[in-house]
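Participant:
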Amino acid sequence: MFPHLLQRIISFGTDEKMEQAAVNRIRQINIFYMILVAMLCFSLFWASLTGISILVMESSISLLVILGAYFLFPPSRKPEQSSFLVLVICALLFLTNYLFDLKIDASVVIAFYLLFPLAAVTINGRYGIIVPVVLGVITLAFNSMPFVNEGIHLDLFNSLIFFSGYTMVIIISIFIERSNRELFIRLSSSKDQAESEIVEKDEFISRLSHKLRTSLSNITLINNLVHDDRLSSEQQDLMETLKASTNNLIEDVNNIVEIASPGIIDYKKSIISFDLTRILDEAEGILKSGISGSEEVNIERSDHITHYLIGDPGLLRSLMVNIVKGLSIYKHNQEPVELKIENLRESPSQVRLRFRFRVESELGPDLVTYIDELNRSRGHQSSNLSNAHNLLVESEGALTAKSDGQAAVLYFFQDFTKDPTRSVVEPAQEPQRDSFHKKGIALKNATVLLVEDNVINQKIVLLSLKNQVNQIDVAAHGKEALEMFGLKQYDLILMDIMMPVMDGIVATKKIREIESTSDQHIPIIAVTANALAGDRENCLAAGVDDYIAKPFSAEVLIKKMKKLLT
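Sequential numbering from 18 applies to the sequence shown in our numbering.
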């Protein structure tokens with residue numbers, strides 16, 4: 018009980034969003050204030066018992082001044098002023114007890130004098146040494162002056178020893194502060210270098226995985242194109258060996274993906290008008306179609322939104338998917354994650370919503386600790402919750418965790434602008450969405466747009482689909498795909514992600530922006546070698562309907578295409 022209370026007092030005014038250096042600084046100042054208050058309280062108590070009225074008065078006034086300084090200049094908001102002010106107050110206390118006889122033992126006063134420079138540089142850095150230096154000069158100047166009720170007045174020999182020692186302590190304090198500052202700079206540099214190396218490693222593995230997967234996908238598709246009835250028995254054995262070797266290599270690449278997954282998603286912001294209900298439905302669909310298992314979420318809404326919202330639907334979709342998946346490891350049963358959406362503040366043009374996720378779990382304290390670690394480490398970890406944290410940080414938001422012992426809770430806030438030109442249609446009145454392709458169309462008769470920058474990849478995909486699709490147009494990058502999309506009506510789009518000029522993520526978002534003004538919805542399948550952690554969620558959050566990672570078989574791609582067209 019007492020250690021917990023002490024920790025709360027020391028950490029008073031700190032926030033989980035603060036940098037660790039700022040938190041340590043506030044704690045140091047709080048400790049200094051706490052020690053000073055404790056000493057003054059003890060002095061007041063002892064003086065009251067012994068009847069030393071002058072000491073009672075000094076302790077009372079000093080205590081009031083200290084408390085007033087703390088609340089007028091709180092360390093959490095004004096650390097520089099607060100730390101400097103408490104040092105000045107301490108210096109005045111020491112000087113008063115040195116010059117006047119307040120019934121405090123001289124050895125105690127001198128001991129505090131000698132410790133003061135070390136304390137000053139601890140809480141106020143190199144500028145903190147100014148106060149002890151000024152205190153030493155003033156004390157030396159007044160040492161030989163006569164005072165009424167004078168206190169400690171050293172003779173020449175003792176004053177020489179005392180002020181020599183005091184000067185030595187100041188020099189040592191300066192040296193310690195400089196050493197600590199240099200150490201902090203080196204540690205910060207090492208940390209930045211380590212983080213940079215991690216990012217470089219992740220980028221290298223991402224590029225390597227992309228190249229390997231692209232080549233393996235081509236080999237796999239070519240294997241499927243070679244018909245066994247054209248081969249001799251010996252050639253069939255060789256093809257089977259080639260297929261087996263390819264599968265082994267695919268497994269090795271997948272192992273690389275499992276070991277090295279970058280934790281930061283490169284998410285591009287897109288502000289458009291959107292229907293919140295539709296975005297929630299899409300996120301639920303993504304969660305139910307997860308390759309690692311279906312995730313259930315129960316949504317309770319009390320927002321009463323009647324207009325379309327202007328904001329980033331991709332961000333909201335990605336946050337919901339990552340948080341629900343991240344909370345799944347904290348569940349102790351198969352109960353779904355509960356999501357409650359609340360309208361906290363609404364004006365004629367703006368609305369603030371709170372998205373509150375809750376799971377029944379006894380691991381709530383662990384979740385709080387993990388989110389706190391993410392805030393301290395700037396989110397450089399690889400997990401769904403880390404992805405959500407990073408996305409919120411980029412959008413100037415925050416992910417907050419709480420625990421009540423029986424449940425783990427995460428929530429965040431999002432501000433949106435109302436779209437006055439578009440109202441949400443009631444379910445009974447809502448027109449049939451996606452009317453363009455909901456009628457169903459055979460794959461053979463569909464008009465497909467393939468967006469792929471690599472000529473070899475284009476050729477292999479076209480060969481794989483030539484007996485399945487009559488009409489396939491090819492775009493070399495996202496910008497060309499947008500131009501073709503504006504000129505021709507397509508039934509389905511196969512979208513590569515990593516391309517020059519305009520990548521697949523940006524192209525998909527722009528297509529969805531165009532569609533937001535109509536009832537059309539063209540199915541888009543992300544066909545990509547980007548298969549590291551977060552890549553699938555990033556693609557789905559951008560608005561693709563399905564995702565297939567290279568290497569893949571033509572049968573799997575055809576199955577996905579048929580599913581979206583019927």
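Note that beta-carbon positions come from the ideal geometry of N, C-alpha and C, so glycine has one too.
Starting from the C-beta of residue 267, find all residues in its chain whose C-beta is less than 7 Å away, skip the five residues before and the five after it, and write them out in chain order.
Facilitator: Walking along the sequence shown from the start, residue 267 turns up at place 250. So the qualifying residues of the chain are 233, 568.
Participant: Note down the Cα distance separating residue 30 from residue 385, rounded to an integer number of angstroms.
Facilitator: On the sequence shown, residue 30 is found 13 positions in, with the first residue counted as 1. On the sequence shown, residue 385 is found 368 positions in, with the first residue counted as 1. If I take the Cα positions, the gap works out to 18 Å.
Participant: At which residues does the alpha helix (DSSP H) containing residue 140 begin and terminate?
Facilitator: The residue given as residue 140 occupies position 123 in the sequence shown. That run of the alpha helix (DSSP H) goes 123 to 141.
Participant: According to DSSP, is residue 552 helix, strand or coil?
Facilitator: Here residue 552 refers to the residue found at position 535 of the sequence shown. Three-state DSSP puts residue 552 in a helix.
Participant: Pull up the distance between the alpha-carbon of residue 528 and that of residue 499, whole angstroms please.
Facilitator: Start at 1 with the first residue of the sequence shown, and residue 528 comes out as number 511. Start at 1 with the first residue of the sequence shown, and residue 499 comes out as number 482. About 7 Å.
Participant: Looking at the structure shown, is residue 356 part of a helix, part of a strand, or coil, going by DSSP?
Facilitator: Taking the sequence shown and counting its residues from 1, one reaches residue 356 at position 339. In this structure, residue 356 counts as strand in the three-state DSSP scheme.
Participant: Beta-carbon within less than 7 Å of residue 345's beta-carbon, same chain only, minus the 5 sequence neighbours each way: which residues are those?
Facilitator: Position 328 of the sequence shown, counted from the first residue, corresponds to residue 345. So the qualifying residues of the chain are 312.
Participant: Helix, strand or coil: how does DSSP classify residue 315 here?
Facilitator: Indexing the sequence shown from 1 puts residue 315 at position 298. Residue state, collapsed to three classes: strand.
Participant: May I have a chain-ordered list of the beta strand (DSSP E) segments no shorter than 3 residues that lie completely inside the region 483 to 568?
Facilitator: You should have 488 to 492, 509 to 512, 541 to 545, 563 to 566.
Participant: Leaving aside the five residues before and after residue 263 along the sequence, list all residues of the same chain whose C-beta is less than 8 Å from its C-beta, in chain order.
Facilitator: By one-based count along the sequence shown, residue 263 stands at place 246. Cβ neighbours of residue 263 beyond the five flanking positions: 233, 236, 237, 240, 568.
Participant: Ends of the alpha helix (DSSP H) at residue 179?
Facilitator: Residue numbering aside, residue 179 sits at position 162 when the sequence shown is read from its first letter. Here the alpha helix (DSSP H) through residue 179 covers 173 to 242.
Participant: How would you label residue 66, buried or exposed, when you count the other beta carbons within 10 angstroms and need 16 or more for buried?
Facilitator: For the purposes of this step, residue 66 is identified with residue 49 of the sequence shown, where counting begins at 1. So residue 66 ends up on the exposed side.
Participant: Okay, do the region 139 to 147 and the region 193 to 210 touch, 3+ Cβ pairs below 8 Å being the bar?
Facilitator: Judged by Cβ distances under 8 Å, the region 139 to 147 makes contact with the region 193 to 210, as three or more pairs qualify.
Participant: Return the CA-CA distance between residue 427 and residue 304, expressed in angstroms with no decimal places.
Facilitator: Along the sequence shown, one-based indexing puts residue 427 at 410. Along the sequence shown, one-based indexing puts residue 304 at 287. The alpha-carbon atoms of residue 427 and residue 304 are separated by roughly 18 Å.
Participant: Check whether the Cβ atoms of residue 493 and residue 226 sit closer than 9 Å, and answer yes or no.
Facilitator: Position 476 of the sequence shown, counted from the first residue, corresponds to residue 493. Position 209 of the sequence shown, counted from the first residue, corresponds to residue 226. No, the Cβ-Cβ distance between residue 493 and residue 226 is not below 9 Å.
Participant: Within 10 angstroms of the Cβ of residue 162, are there 16 or more other Cβ atoms? Answer buried if so, exposed if not.
Facilitator: Numbered from its first residue, the sequence shown carries residue 162 at position 145. Exposed, since its Cβ has fewer than 16 Cβ neighbours within 10 Å.
Participant: Closer than 8 Å is the cut-off here; do at least three beta carbon pairs connect the region 180 to 192 with the region 479 to 495?
Facilitator: Taking 8 Å as the limit for Cβ pairs, the verdict is that the region 479 to 495 does not touch the region 180 to 192.
Participant: Considering only C-alpha positions, which residue in the set 216, 331, 200, 289 is nearest to residue 299?
Facilitator: Against the sequence shown, residue 299 aligns to sequence position 282. Nearest option by C-alpha distance: 331.
Participant: With distances taken between CB atoms, is the gap from residue 459 to residue 582 smaller than 9 Å?
Facilitator: Taking the sequence shown and counting its residues from 1, the one referred to as residue 459 is at position 442. Taking the sequence shown and counting its residues from 1, the one referred to as residue 582 is at position 565. Their beta carbons are under 9 Å apart, which means residue 459 touches residue 582 by this criterion.
Participant: Is the Cβ-Cβ distance between residue 508 and residue 540 less than 9 Å?
Facilitator: In the sequence shown, the residue the question calls residue 508 occupies position 491. In the sequence shown, the residue the question calls residue 540 occupies position 523. Cβ atoms of residue 508 and residue 540: closer than 9 Å.
Participant: What residue does the alpha helix (DSSP H) around residue 106 start on, and which one ends it?
Facilitator: If you number the sequence shown from 1, residue 106 lands on position 89. Residue 106 -> alpha helix (DSSP H) spans 96 to 116.
Participant: Using alpha carbons as the reference points, say which of 156, 323, 201 lies closest to residue 181.
Facilitator: Looking up residue 181 in the sequence shown gives position 164. Among 156, 323, 201, the Cα nearest to that of residue 181 is on 156.
Participant: Use the C-beta contact count for residue 323: other C-beta atoms within 10 angstroms, 16 or more gives buried, fewer gives exposed.
Facilitator: Taking the sequence shown and counting its residues from 1, the one referred to as residue 323 is at position 306. Burial call: exposed.
Participant: Please look up how many angstroms separate the CB atoms of residue 524 and residue 495, rounded, as I've assumed it's under 8 Å.
Facilitator: Your numbering for residue 524 matches position 507 in the sequence shown. Your numbering for residue 495 matches position 478 in the sequence shown. Right, the Cβ-Cβ distance comes to about 3 Å (below 8 Å), so this counts as a contact.
Participant: Which runs of the alpha helix (DSSP H) spanning at least 4 residues fall entirely within the region 371 to 431, listed in chain order?
Facilitator: Counting whole runs of 4 or more residues, the region 371 to 431 contains the alpha helix (DSSP H) stretches 381 to 393, 401 to 411.
Participant: Any idea which residues DSSP pairs residue 298 with across the strands?
Facilitator: Along the sequence shown, read from residue 1 onward, the residue named residue 298 stands at position 281. According to DSSP, residue 298 bridges with nothing at all.
Participant: I'd like to know whether the C-beta atoms of residue 126 and residue 83 end up nearer to each other than 9 Å.
Facilitator: Along the sequence shown, read from residue 1 onward, the residue named residue 126 stands at position 109. Along the sequence shown, read from residue 1 onward, the residue named residue 83 stands at position 66. Their beta carbons are not under 9 Å apart, which means residue 126 does not touch residue 83 by this criterion.
Participant: What does DSSP give as the partner residues of residue 326 in its beta bridges?
Facilitator: As a working note, residue 326 is residue 309 in the sequence shown. Partner(s): 291, 435.
Participant: Nearest to residue 97 by alpha carbon, out of 73, 52, 39?
Facilitator: Numbered from 1 along the sequence shown, position 80 holds the residue referred to as residue 97. Of the listed residues, the one whose Cα sits closest to residue 97 is 39.
Participant: Let me know if residue 392 comes out buried or exposed under the rule of 16 or more other beta-carbons within 10 Å of its beta-carbon.
Facilitator: Taking the sequence shown and counting its residues from 1, one reaches residue 392 at position 375. Looking at its Cβ environment, which holds 16 or more other Cβ atoms inside 10 Å, residue 392 is buried.
Participant: Please name the residue in 379, 372, 435 whose C-alpha comes closest to that of residue 291.
Facilitator: As a working mapping, residue 291 is identified with position 274 in the sequence shown. Checked all of 379, 372, 435; the closest Cα to residue 291 is 435.
Participant: How big is the Cα-Cα spacing for residue 544 and residue 497?
Facilitator: To locate residue 544, count along the sequence shown from 1; it is residue 527. To locate residue 497, count along the sequence shown from 1; it is residue 480. If you take the alpha carbons of residue 544 and residue 497, they lie about 17 Å apart.
Participant: Would you decide whether residue 153 is buried or exposed? Buried here means 16 or more other CB atoms lie within 10 Å of its CB.
Facilitator: Within the sequence shown, the letter at position 136 stands for residue 153. By the 10 Å Cβ count, residue 153 comes out buried.
Participant: My output table needs one value for residue 79: the three-state DSSP class, helix, strand or coil.
Facilitator: For this step, residue 79 is matched to residue 62 along the sequence shown. Helix at residue 79.
Participant: On a Cα-Cα basis, can you pick out the residue from 123, 219, 35 that is closest to residue 175?
Facilitator: Taking the first residue of the sequence shown as position 1, residue 175 is located at position 158. Residue 123 is the option with its Cα nearest to residue 175.
Participant: Strictly by DSSP, which residues pair up with residue 341?
Facilitator: Here residue 341 corresponds to residue number 324 of the sequence shown, with the count starting at 1. Beta-bridge pairing links residue 341 to no other residue.
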